[in-house]
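Chains as they are written, first to last, in the working numbering: chain D, 1 to 282; chain E, 283 to 637.
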């Protein structure tokens, strides 16, 4: 989803950076470029990718805020960083968010910075990290920065929060819970919920009732396939109803069709970006 | 030996990446064992609502609930309560315990410290195993970013709590900057300076208080972690890896199987969940009848997915013998009651090897 949003924004002439935090190298494989690093790599016209790592962000933070480069280096490269990031609750996540803020606001090289955040449980704790940190450490220099970060996150003019889900029971429940947690605990409003891999109806088959209606020696098997498709769609429909009921008053829900691919390519991302464009404008 | 052999274990650990239906598989395995007359408990982490209902669980609780009319019990692990109980058990005095429990630093790490969930799942396992109330304990593991996290977590957590290096570095703060400060070396002093400037001295005081009160408890924690590790290495334990049939999940599952091997942990079997059905269509040629052609096109799309899944299984086959697999098809309904869960058990243990 992050890639599709990026492609869409870039298409509209914005200079876009997608920041990934997971070590799975998904973005670089998708756009067929070298593994991403801490400096932006061009993926396409107007579209860049970067990988944020807490260690590197800490080093940069100490350098920029405290002019501590000389001390920072051995400090960061040693195993101590492990302790330091654990010793301050959520520091790891704050560092990543801090780097996003720094890139988006301070450096201001891009019109849009997209953070491809970790999966929902971890995403909540990531976005909670500045507030959680302030609870544990109400004063001090880092606390001030955490407060700044929290203000930034809570400003809908600057930050838009979007969730991606699948039309299945657990992801739908998690998405509803996550939206609720964002609102109640963090005063963060979710703008869009993207429900991915939704099976689309095949219009001409809607009134298919039995294999005899198909003119093929494989009619039985074709019907079985159609019935499977229908059954999966019915199940998805239940979960889509749940998510619409629970969230349509607070977020725009966008359904992305299932593409039946063995793996997605950059071309598929263009397709998804087109779907996004149509649905977001409607 | 087929995957059904895991049913004779004393402990089954279900592991794998998130989103593979691991919790459902854990419950289905436990149900089958209980049907064979074994007194079984399944410890889940975060079940979907319907599954929780099917198991008769309404909320997070550290108390096992027995499902009426069966020899199956279930519980949802409450990490924080388990951690608190451990602190209470190992603290040198009740005063120290309550000091730790009310320490802000403890409160923050007891929920967020990486490895806590994994450690507490193992802790619960150990407790249940020692109590000896059950013939079989099936434990669902938290979704980990990498499978390795799970095996490694207890060790990482205890080494953090032991915090030898951190204690040494914080010594000047703990001892109030006198005496020992002089012998702390340059690295320690500059580390502390950095921490103080970045964090402020408030948090340092909390951290220091936490480690002072935690003193003497590391041994208990560490001992416990070692015993759990030994328990996991017993031949009566079986690890079941749950995976989705795509290449990246399969790679992760294989990597995990390798890790089990390296650590001498017993591999029991592998469940490939959510396999798309394969439809055998003789000819893909269009017929000119729009409806038939649309159906052929749909079958063609599903074939692409089934082919990709087959390719993933080929990779699996090169590493793990098929006799150790169970292939579970994509279900067309959610597991909402014990009967539906029973169907999943049948798919895992009774299905003819397809493909």
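Idealized CB from N, CA, C, for every residue including glycine.
Query raised in the report: Considering residue 356(E), what are the terminal residues of the beta strand (DSSP E) in which it resides?
Result: As a position in the second chain, residue 356(E) is number 74, starting the count at 1. Element bounds for residue 356(E): 354-358.
**Report entry** Whole-angstrom distance between residue 499(E) and residue 376(E), CA atom to CA atom
**Finding:** Position 94 of the second chain, counting from 1, holds the residue named residue 376(E). Position 217 of the second chain, counting from 1, holds the residue named residue 499(E). Answer to the nearest angstrom: the Cα atoms are 13 Å apart.
Report task. Kindly list, in the order they appear in chain D, the residues whose Cβ is closer than 7 Å to that of residue 300(E). Result -> Residue mapping note: residue 300(E) aligns to position 18 of the second chain, counting from 1. Chain D residues near residue 300(E): 119.
**Report entry** 6 Å Cβ shell around residue 315(E) - same chain, five flanking residues per side excluded
**Finding:** Position 33 of the second chain, counted from the first residue, corresponds to residue 315(E). The answer, listed in chain order, is 289, 322 and 418.
Query raised in the report: Where does residue 139(D) land, buried or exposed, given buried means 16+ other C-beta within 10 angstroms?
Result: Within the first chain, residue 139(D) is the residue found at index 139, counting from 1. With fewer than 16 other Cβ atoms within 10 Å, it is exposed.
Query raised in the report: Measuring CB to CB, does residue 57(D) end up less than 7 Å from residue 112(D)?
Result: Start at 1 with the first residue of the first chain, and residue 57(D) comes out as number 57. Start at 1 with the first residue of the first chain, and residue 112(D) comes out as number 112. Against a cut-off of 7 Å, the Cβ pair of residue 112(D) and residue 57(D) comes out as no contact.
Query raised in the report: In chain order, what residues of the same chain lie with their CB nearer than 8 Å to the CB of residue 353(E), ignoring the 5 residues before and after it?
Result: As a first step, residue 353(E) is located in the second chain; it is residue number 71 there, counting from the start. Result list for residue 353(E): 316, 319, 320, 321 and 322, in chain order.
**Report entry** Neighbourhood of residue 4(D) by C-beta distance below 7 Å, restricted to the same chain and skipping five residues each side
**Finding:** As a first step, residue 4(D) must be located in the first chain, where it is residue number 4. The residues are 269, 272, 273 and 276.
Query raised in the report: Where residue 554(E) and residue 12(D) are concerned, what is the direct C-alpha to C-alpha distance, given to the nearest angstrom?
Result: On the second chain, residue 554(E) is found 272 positions in, with the first residue counted as 1. On the first chain, residue 12(D) is found 12 positions in, with the first residue counted as 1. Near 42 Å, if we compare the C-alpha coordinates of residue 12(D) and residue 554(E).
Report task. Sort 176(D), 243(D) and 2(D) by Cα distance to residue 21(D) and report the nearest one. Result -> Taking the first residue of the first chain as position 1, residue 21(D) is located at position 21. For the residues 176(D), 243(D) and 2(D), the minimum Cα distance to residue 21(D) belongs to 2(D).
Query raised in the report: Just to confirm, are residue 202(D) and residue 297(E) a CB contact at a threshold of 7 Å?
Result: Mapped onto the first chain, residue 202(D) falls at position 202. Mapped onto the second chain, residue 297(E) falls at position 15. The answer is no: Cβ separation not under 7 Å.
Query - residue 311(E) versus residue 198(D) - alpha carbon distance - result: Residue mapping note: residue 311(E) aligns to position 29 of the second chain, counting from 1. Residue mapping note: residue 198(D) aligns to position 198 of the first chain, counting from 1. Each residue's alpha carbon lies about 30 Å from the other.
Requested in this report: Identify whether residue 376(E) lies in helix, strand or coil by the three-state DSSP scheme.
Outcome: The sequence position of residue 376(E) within the second chain is 94, counting from 1. Three-state result, residue 376(E): helix.
Report task. Examine chain E for any beta-carbon lying closer than 7 Å to the beta-carbon of residue 77(D), and answer yes or no. Result -> In the first chain, residue 77(D) corresponds to position 77, counting from 1. Unreliable positioning characterises residue 77(D) in this predicted model, as indicated by a pLDDT of 48, which lies under 50. The coordinate reading is nonetheless provided below. With 7 Å as the cut-off, residue 77(D) does not count as an interface residue toward chain E.
Query raised in the report: Going by C-alpha distance, which of 626(E), 409(E) and 515(E) is nearest residue 371(E)?
Result: Residue numbering aside, residue 371(E) sits at position 89 when the second chain is read from its first letter. The candidate whose alpha carbon is nearest that of residue 371(E) is 409(E).
Query raised in the report: Where does residue 551(E) land, buried or exposed, given buried means 16+ other C-beta within 10 angstroms?
Result: The residue labelled residue 551(E) in the question sits at position 269 within the second chain. Its Cβ being crowded by 16 or more others within 10 Å, residue 551(E) is buried.
Query raised in the report: Run through DSSP, which three-state label would residue 239(D) get?
Result: Within the first chain, numbered from 1, the residue matching residue 239(D) stands at position 239. Residue 239(D) falls in the helix class under three-state DSSP.
Query raised in the report: Checking contacts by CB at 7 Å: is residue 228(D) closer than that to chain E?
Result: By one-based count along the first chain, residue 228(D) stands at place 228. Output row for residue 228(D): interface = yes.
Query raised in the report: Can you list, in chain order, the residues of its chain whose CB lies under 6 Å from that of residue 627(E), leaving out five sequence neighbours each side?
Result: Mapped onto the second chain, residue 627(E) falls at position 345. Same-chain partners within the cutoff: 310, 313 and 314.
Report task. Quick one: using the 10 Å Cβ neighbour count with 16 as the cut-off for buried, is residue 236(D) buried or exposed? Result -> As a position in the first chain, residue 236(D) is number 236, starting the count at 1. Its Cβ being crowded by 16 or more others within 10 Å, residue 236(D) is buried.
**Report entry** Per-residue burial, residue 35(D) [other beta carbons within 10 Å of its own, 16 or more giving buried]
**Finding:** Reading the first chain from its first residue, position 35 is the one you call residue 35(D). Burial call: exposed.
Report task. Could you tell me whether the Cβ of residue 204(D) comes closer than 7 Å to any Cβ of chain E? Result -> Stepping through the first chain from its first residue, residue 204(D) is reached at position 204. Output row for residue 204(D): interface = yes.
Query raised in the report: In terms of DSSP beta bridges, what is residue 192(D) paired with?
Result: The residue given as residue 192(D) occupies position 192 in the first chain. 162(D) and 252(D), per the DSSP bridge assignment.
Query raised in the report: Using the C-alpha atoms, what's the distance from residue 580(E) back to residue 226(D)?
Result: Working through the first chain from its first residue, we reach residue 226(D) at position 226. Working through the second chain from its first residue, we reach residue 580(E) at position 298. Each residue's alpha carbon lies about 7 Å from the other.
**Report entry** the ligand ZN heavy atom lying under 6 Å from the CB of residue 490(E)
**Finding:** The model on display carries no ligand, and the ligand ZN is accordingly not part of it.
Query raised in the report: Should the region 554-571 of chain E be called in touch with the region 580-593 of chain E, which here means at least 3 C-beta pairs below 8 Å?
Result: yes
Query - residue 154(D) in three-state terms, based on DSSP - result: Position 154 of the first chain, counting from 1, holds the residue named residue 154(D). Three-state result, residue 154(D): coil.
Report task. Taking only the alpha-carbon atoms, compute the straight-line gap between residue 176(D) and residue 571(E) and give it to the nearest angstrom. Result -> Counted from its first residue, the first chain places residue 176(D) at position 176. Counted from its first residue, the second chain places residue 571(E) at position 289. For residue 176(D) and residue 571(E), the distance between alpha carbons rounds to 44 Å.
Requested in this report: Under 8 Å between beta-carbons, which chain E residues line up against residue 260(D)? List them in chain order, please.
Outcome: Numbered from its first residue, the first chain carries residue 260(D) at position 260. In chain order: 583, 584, 586 and 587.
Query raised in the report: Are the C-beta of residue 252(D) and some C-beta of chain E separated by less than 7 Å?
Result: Here residue 252(D) is taken as the residue at index 252 of the first chain, counted from 1. No, because no Cβ of chain E sits closer than 7 Å to the Cβ of residue 252(D).
Query raised in the report: Run through DSSP, which three-state label would residue 171(D) get?
Result: Position 171 of the first chain, counting from 1, holds the residue named residue 171(D). In the structure shown, residue 171(D) sits in a helix (DSSP, three-state: H, G or I).
Query raised in the report: Is any beta-carbon of chain D found at less than 7 Å from that of residue 503(E)?
Result: Translated into positions along the second chain, residue 503(E) becomes position 221. With 7 Å as the cut-off, residue 503(E) does not count as an interface residue toward chain D.
Report task. Verify whether the separation of the beta carbon atoms of residue 522(E) and residue 594(E) is less than 7 Å. Result -> Taking the first residue of the second chain as 1, we reach residue 522(E) at position 240. Taking the first residue of the second chain as 1, we reach residue 594(E) at position 312. Contact flag unset, no.
Requested in this report: Put residue 15(D) into one of helix, strand or coil per three-state DSSP.
Outcome: Walking along the first chain from the start, residue 15(D) turns up at place 15. Coil, per DSSP.
Report task. Return the chain-ordered list of same chain residues with a C-beta closer than 6 Å to the C-beta of residue 171(D), the five sequence neighbours on each side being excluded. Result -> Counting from one through the first chain, the residue named residue 171(D) turns up at place 171. Same-chain partners within the cutoff: 165.
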